[in-house]
């Protein structure tokens, strides 16, 4: 029986673990958190259980069933607090996976190395927030952070909260905020009716086929009606104001490309604002494992969820933003095949069909809600782009212009954007977008297929590690 | 006179700048992106401390006199809007960590002093005064105030910008595929995927890829890649004030051993991160991450600065040094093929030697008298003869 190592215990990783176990493989499931479920099913720790967790989560019973089956299964080893910091590649097979186990700032973290027969990477996505003037003020939250506080801590981020950005994720965030006691003054989606229609409507039967997904969105809409939260299209937060923390935000109508329309600005008093513009895949471990990316900067996979590296599989948001149902289907296929099963096995038929349905759903979300280039219109020269190194948009453009705007590496080193402790997780795509705006079609730009492309997603050391830990010899698991 | 320079790294940029400032017409061909190879894969060392008496030290001393001049010229020319090249003569402190290592280190420094290098011997107390966080278990030290550092990527960009102002052209994504010969067999240009370019001279400045560039033009050149890795910590208050390294480094630099060697070279950058180098490994152009290499770097760094144990490593990067079998760069006209010149093979010292290399090559090409004797770096030197072989037609 093969050893299958799974990185990430969100929907895709959990589904992969169960499928691999059902085929009979020995499974090790790693997750950085102390709780299973990933960002999607983020919840209160077991020490303070909540009675109504199911009301905050779509598919909560799916999660509890997965968790119960895996926790009871002696053939599945779950390692919590496991941070994968490097992967060493091996020719034609999965590499060595280097892990530190324990609290990120804890002493005596345990070091382990895994050399599995098959590897499933299910690292999910980071939530993306485009910068705007004032976004570094206390009280401004990314949609993901607000959701994590609401789901994982039951902490309300403010009493009068405005939600803005793009994508269907804004709706569950607003619902969570309302459920934790905030007054949500409105949800503002940057895309206009036309874009939403173009994305959602050319093949409406596909939406119908994603019936469960329709149910999920239906629940959010119902929740909104109950809480009387206004939902407005074609509107963006272009500025946050305040001295010690956010006191108000300025909204503006934006055109189809998200460029603010002059004369449409209005100010809304809030004590917190929550902004999100979709997701970017967490690619660093897949890149470290040697996996090739596709033309949209996701991990490329075949029908079996296998990457360009034999016996290395990828599932969930790193292969394309598709939502929880696509992640569950892909995880199941990846785990099944990684354990030695065939994609043609009868047991996989429902998952294969689901994947087809939910993948197209994901594409349509991107068409409807994807980031449009006009957003740079709300940046000013003193808008902070890289928060770790406090690099402004003006400094970034200045560095790009001085060095001829020709190389992402030079722009980063000249401005220090993306070189701070988060290693470009927050600003990487923004820096690439700015490069692309200065030098369209650049070989280091977004979606470039250049062989020697410099990528902000490439992080050979995937997580910061203390030098003392690096110096210690690990034990082979 | 028209010159083609192959390679958009720091040697190509410095060479193009020197030639263009003397009025030559210069085109630089870069197969990928400028500053995309070795020049962005290292630390930016301008070291005298690691070189024993000899030709490379003379070239380094010459370069050391040019650096402040070039730094001032670039600031003057490019203005305050251009990012800083972070040139800083911060000095080096070399220490020995074993009882047996102390005397050889001090003896080596004495030979350097005789060759004109400023090298002050330090006892343990004096070393700790310069670097209070050093491991007090060190056995001896030497202070080299002339050692300096520069941000190598920005420095290369600055040299490119300056060369462009003097009229040089830089073509990226344009590899030199083959040479163009006249009926006499002289090299008179190169072909790229999109054009044929003619020139009176072609200079190979392609770092570790110089061997394949020379082969494309019809001659062998024994430049091989030697991989190096560097660790970068997160930012911290400055606690390391010089370039500090273990005396082992000198023997690793001078060695031809292909197996992995590591020795600590530790320094703080202008941004407050600490760079921990460096490894030397001859494994071809294999750029895959090797944790064992990173681990050895970390272990040796902790021997010098135990406080680093609690600091975070944020990233690692690496590159390929252009290694020469006789440990000297090649600067000058190729005796085998008229029209072909070289400016390559600097191993790990190319950033520091770049400005001297450009000046020397420009002197040789224009018939000016070089500031130092260039014969030792000539492709015609005896120590290189066994490796050069015949010229392909």
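Chains as they are written, first to last, in the working numbering: chain X, 160 to 636; chain Z, 1094 to 1486. Quick reminder that beta carbons are idealized off the backbone N, C-alpha and C, glycines included. Computed from a predicted model, the values in this text were never measured in an experiment.
Exercise for the section: Consider the Cβ of residue 1425 of chain Z: report whether some Cβ of chain X lies at a distance smaller than 8 Å. Expected result: no
Discussion item. Rounding to the nearest angstrom, what Cα-Cα distance links residue 1279 of chain Z and residue 1457 of chain Z in this structure?
Written reply: 19 Å
Here's the rule: buried if 16 or more other CB atoms are within 10 angstroms of the residue's CB, otherwise exposed. What is residue 178 of chain X?
buried
Please list the partners that residue 1401 of chain Z has in chain X, where partner means a Cβ-to-Cβ separation under 7 Å.
626
Spatial neighbours of residue 602 of chain X within its chain, please: CB distance less than 7 Å, with the 5 preceding and 5 following residues excluded, ordered by chain position.
609, 612
Bridge partners of residue 1282 of chain Z, per DSSP? Z:1273, Z:1291
Discussion item. Taking the straight line between their C-alpha atoms, what separation do you get for residue 1233 of chain Z and residue 1223 of chain Z?
Written reply: 13 Å
Spatial distance of residue 1106 of chain Z from residue 1187 of chain Z (CA atoms) | 31 Å
Is the stretch 487–496 of chain X touching the stretch 520–530 of chain X, taking contact as three or more C-beta pairs under 8 Å? no
Cβ neighbours of residue 631 of chain X in the same chain (closer than 8 Å, five flanking residues each side left out): 270
**Asked** Counting along the chain, where does the beta strand (DSSP E) carrying residue 602 of chain X start and finish?
**Response** No beta strand (DSSP E) contains residue 602 of chain X, which DSSP labels as neither H nor E.
Q) Which residues, in order along the stretch 255–285 of chain X, keep a beta-carbon less than 9 Å from a beta-carbon of chain Z? A) 255, 257, 272
Check distances from the C-beta atoms of the stretch 579–610 of chain X to those of chain Z and list, in chain order, the residues that come in under 9 Å.
-> 579, 580, 582, 602, 603, 609, 610
Starting from residue 1354 of chain Z and walking both ways along the beta strand (DSSP E), at which residues does that stretch end?
1354–1361
So for residue 1326 of chain Z, helix, strand or coil by DSSP? strand
List, in chain order, every chain X residue whose beta-carbon is nearer than 9 Å to that of residue 1273 of chain Z. Those within 9 Å of residue 1273 of chain Z in chain X number zero; the least Cβ separation is about 26 Å.
Original post:
When you compare only the Cα positions, how much space is there between residue 1104 of chain Z and residue 265 of chain X?
Top reply: 46 Å
Notebook entry, point to check: When the cut-off is 8 Å and only beta carbons count, does residue 1133 of chain Z lie next to chain X?
Noted result: yes
- request: Scan the stretch 433–450 of chain X for residues whose Cβ lies nearer than 9 Å to a Cβ of chain Z and list them as they occur along the chain.
  value: 447, 449
Complete runs of the beta strand (DSSP E) confined to the stretch 1147–1221 of chain Z [at least 3 residues]:
1185–1189, 1213–1215
Return the chain-ordered list of same chain residues with a C-beta closer than 7 Å to the C-beta of residue 438 of chain X, the five sequence neighbours on each side being excluded.
284, 285, 286, 287, 476, 480
Considering just the uninterrupted stretch of the alpha helix (DSSP H) at residue 249 of chain X, what are its terminal residues? Careful: residue 249 of chain X lies outside any alpha helix (DSSP H), inside the beta strand (DSSP E) at 241–249.
**Message:** When you compare the stretch 527–547 of chain X with the stretch 501–514 of chain X, are there three or more beta-carbon pairs, one atom per stretch, that lie closer than 8 Å?
**Reply:** no
| query | Given 8 Å as the limit, is there contact between the stretch 1316–1328 of chain Z and the stretch 1376–1387 of chain Z, that is, 3 or more CB pairs closer than that? | reply | yes
- Task: Let me know the secondary structure DSSP gives residue 161 of chain X once reduced to three states.
- Result: coil
*Local Cβ density within 10 Å of residue 1480 of chain Z, reported as buried at 16 or more and exposed below that*: exposed
task: Could you list which residues in chain X have their beta carbon closer than 7 Å to that of residue 1391 of chain Z, in chain order?
output: 626, 629, 630
| query | Shortest alpha-carbon distance to residue 1455 of chain Z belongs to which of Z:1474, Z:1439, Z:1434, Z:1440? | reply | Z:1434
### Proximity below 8 Å, CB of residue 432 of chain X to CB of residue 299 of chain X
yes
Should residue 1422 of chain Z be flagged as near chain X, meaning a C-beta pair shorter than 8 Å? no
Are the C-beta of residue 561 of chain X and some C-beta of chain Z separated by less than 8 Å? yes
By the 10 Å Cβ neighbour count, where 16 or more other Cβ atoms means buried, how is residue 250 of chain X classified, buried or exposed?
exposed
| Are the C-beta of residue 1113 of chain Z and some C-beta of chain X separated by less than 8 Å? | no
task: Please report the residue range of the alpha helix (DSSP H) in which residue 511 of chain X lies.
output: 508–528
ask   = Given a threshold of 16 other Cβ atoms within 10 Å of its Cβ, counted over all protein chains shown, does residue 1201 of chain Z qualify as buried or as exposed?
value = buried
Practice task
Excluding the 5 residues preceding and the 5 following residue 412 of chain X in the sequence, name in chain order all residues of the same chain whose CB lies nearer than 7 Å to its CB.
Solution key: 393, 394, 420, 423
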